[in-house]
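Asker:
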Amino acid sequence: MMCAAQAAAQGLDVHLFDHASKLAEKIRISGGGRCNFTNRGATWENYVSQNPRFARYALMHYTPGDFLALLGRHGVAWHEKHRGQLFCDDSSQEIIRVLEAECRQAGVHWHMPCTVEEVSLLSDKFNCAADGISGLSVAVEEAKKDAAKNNDGSTHDDVISATSSVSNDEQQFSRNAFCLNTSAGTFIAKQLVIATGGMAAPAIGATDFGLRIARQFGLKTIEPRPALVPLEFNGVEWADYVALAGIALEARIANGEGKKAVYFDEDILFTHKGLSGPGILQISSYWDGQSPLYIDLCPSHDLETILLAEKQGNKQQLGTVLSQYLPKRLAQHMIARQGLSEDKRLAEYADKVLRQLAQSIKAWKITPKGTAGYKKAEAMRGGVDTAELDQKTMMSKKVPGLYFIGEVVDVTGWLGGYNFQWAWSSAVVCAEALRK
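For any residue, its number in my numbering is found by taking its place in the sequence shown, counting from 1, and adding 2.
As structure tokens, then:
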């Protein structure tokens, strides 16, 4: 919708296609229903990609401040919740209302629900037979306001957008014009914008449509996988931790050791199958699928120094002391895993034993068996290789007139509004390029 509204506002005839029956479901359910629509601190460094710097131009061209200005024009109240994360005061429906209003005001034509069955280049011999491909939202932008009836009775519109753009007469186009077969008819477009999102949350209509289109036209893609997703562990290995389900605490989670390791200081949550919470969702985007994670369960304290100091002349039990720094159930669990007794006085333990206990808490090493999958993921990592696209326009370097924006591109933001900001920013630079 963002791309469609911006393009139509520049005078382009834009048609919006979406196969969903409900508008912008991913926006509606995001942020607990209040939509974490951006992050004040969004820069290219907050994104995972084969080339994170690819996002730099778009993020600098259309900033969080620009989106806030848009919301201000529509009277949307918002607040900052945590670490630059901005949410609607009311509900995520406000963001949908703004985008829909922008589209209506600019004159975007809507086709919804509408399935895009096939996308192909217009050849010398016109041929657009459907092959069953369906997509969430193909965006095509551009053209003159005109329509003509084909011999078979279908209509050629000038532009299909927010998902696609069209023109009326195949004779006007080069071989790089696009033919779209849809459930609403056949359309021809000079420019086609794929704004279909990633594969996360299939329950609300997410598919791999955008990736299939990219591959169809010969663009390289980076292998997609769930991102911002809970991690699960081997059932036998995790059996000892099931009793901790429901415990949440701040931790430092790293994907490795040494200076090159990526880490986050965020809350984690123990579940029956593994670990979740903001810290785990963040590190999941950096996990390679096989290496162990390193977790400091008490990042704010030098636990070894504390335990050794508390030991001197202290008659308190080990469990009592450790529970001052960890949730009680977790403290009891970590003590038991070391074969120690929580009821024994701290002073009765040798320094070496206390050091080992502190180490087990400060450097917990554990290897996930996998993720909770796209059903639980908030985003997709991977997508259309950024090397295939122009960062200032989002157009394919191989196929003139073909654009990819948002999550379908290999640019995945951190948790906290970064993915929405990438969606807004990439949409705007693309829309501006369509007019040139």
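Ideal placement from N, C-alpha and C gives every residue a C-beta, glycine not left out.
By Cβ distance, which residues of its chain are closer than 6 Å to residue 394, with the 5 residues on each side in sequence left out?
Answerer: Result list for residue 394: 59, in chain order.
Asker: Expressed to the nearest angstrom, what Euclidean distance is found between the alpha-carbon atoms of residue 364 and residue 327?
Answerer: Whole-angstrom Cα-Cα distance: 12 Å.
Asker: Roughly how many angstroms lie between the CA atoms of residue 366 and residue 339, to the nearest whole one?
Answerer: A direct Cα-to-Cα measurement between residue 366 and residue 339 gives close to 12 Å.
Asker: Taking the Cβ atom as the reference point for each residue, do residue 412 and residue 51 lie within a distance shorter than 7 Å?
Answerer: Between residue 412 and residue 51, the CB-CB gap stays under 7 Å.
Asker: Run through DSSP, which three-state label would residue 463 get?
Answerer: What the structure shows of the chain is the stretch from 3 to 438, and residue 463 is not part of that stretch, so it cannot be assessed.
Asker: Among the candidates 274, 185, 225, 26, whose CA atom is the shortest distance from the CA of residue 243?
Answerer: 274
Asker: Between the beta-carbon of residue 87 and the beta-carbon of residue 38, is there less than 7 Å?
Answerer: Yes, they are a contact pair.
Asker: For residue 4 versus residue 426, is the C-beta spacing smaller than 7 Å?
Answerer: yes
Asker: Give the straight-line distance between the Cα atoms of residue 281 and residue 261, rounded to the nearest whole angstrom.
Answerer: 19 Å
Asker: Residue 79 and residue 68: beta carbons closer than 7 Å?
Answerer: Cβ atoms of residue 79 and residue 68: not closer than 7 Å.
Asker: Which partner residues does residue 187 have in the DSSP bridge list?
Answerer: 184
Asker: Is it true that the CB of residue 384 sits closer than 7 Å to the CB of residue 206?
Answerer: no
Asker: Given that a residue counts as buried once 16 or more other Cβ atoms are within 10 Å of its Cβ, and exposed if not, what is residue 33?
Answerer: It is buried - the Cβ of residue 33 has at least 16 other Cβ atoms within 10 Å.
Asker: Are the beta-carbon atoms of residue 263 and residue 257 separated by less than 7 Å?
Answerer: yes
Asker: Let me check understanding here. Comparing Cα to Cα, which of 23, 269, 415, 430 lies closest to residue 208?
Answerer: Here the closest residue by C-alpha is 23.
Asker: Between the C-alpha atoms of residue 303 and residue 29, what's the straight-line distance to the nearest angstrom?
Answerer: 39 Å
Asker: Taking its Cβ as the centre, do 16 or more other Cβ atoms sit within 10 Å of residue 290, making it buried, or is it exposed?
Answerer: exposed
Asker: Excluding the 5 residues flanking residue 293 on each side, which residues of the same chain have their C-beta closer than 8 Å to its C-beta?
Answerer: 257, 258, 369
Asker: What is the rounded straight-line gap between the Cα of residue 408 and the Cα of residue 203?
Answerer: Cα to Cα, the separation comes out at about 15 Å.
Asker: Quick check: what's the CA-CA separation for residue 248 versus residue 271?
Answerer: 6 Å
Asker: Helix or strand or just coil, what does DSSP make of residue 21?
Answerer: coil
Asker: Starting from residue 272, follow its DSSP beta bridges and name the residues at the other end.
Answerer: Looking at the DSSP output, residue 272 sits in a beta bridge with 277.
Asker: Tell me whether the segment 178-195 and the segment 413-420 touch, counting them as touching only if at least three CB pairs, one residue from each stretch, are closer than 8 Å.
Answerer: Not touching, per the Cβ criterion.
Asker: Can you give me the C-alpha to C-alpha distance between residue 61 and residue 325, rounded to a whole angstrom?
Answerer: 44 Å
Asker: Based on the DSSP output, what are the partners of residue 267 in its beta bridges?
Answerer: 254
Asker: Closest to residue 374 by CA distance: which of 100, 231, 217 is it?
Answerer: 231
Asker: Is DSSP giving residue 219 helix, strand or coil here?
Answerer: coil
Asker: Quick check: what's the CA-CA separation for residue 377 versus residue 26?
Answerer: In a straight line, the C-alpha of residue 377 is about 17 Å away from that of residue 26.
Asker: Taking 6 Å as the limit between beta carbons, can you name the residues of its chain near residue 254, skipping five residues before and five after?
Answerer: These residues qualify, in order along the chain: 265, 267, 298, 301.
Asker: Spatial neighbours of residue 36 within its chain, please: C-beta separation below 7 Å, excluding the five flanking residues on both sides.
Answerer: 89, 90, 93, 94
Asker: Measuring only the C-alpha atoms, how far is residue 109 from residue 437?
Answerer: For residue 109 and residue 437, the distance between alpha carbons rounds to 16 Å.
Asker: Residue 382 and residue 201: beta carbons closer than 7 Å?
Answerer: yes
Asker: When the Cα atoms are used, what is the spatial distance from residue 13 to residue 6?
Answerer: 11 Å
Asker: Is the distance from the Cβ of residue 344 to the Cβ of residue 320 below 7 Å?
Answerer: yes
Asker: If you follow the beta strand (DSSP E) that residue 303 is in, where does it begin and where does it stop?
Answerer: Premise fails: residue 303 is in no beta strand (DSSP E) and is neither H nor E.
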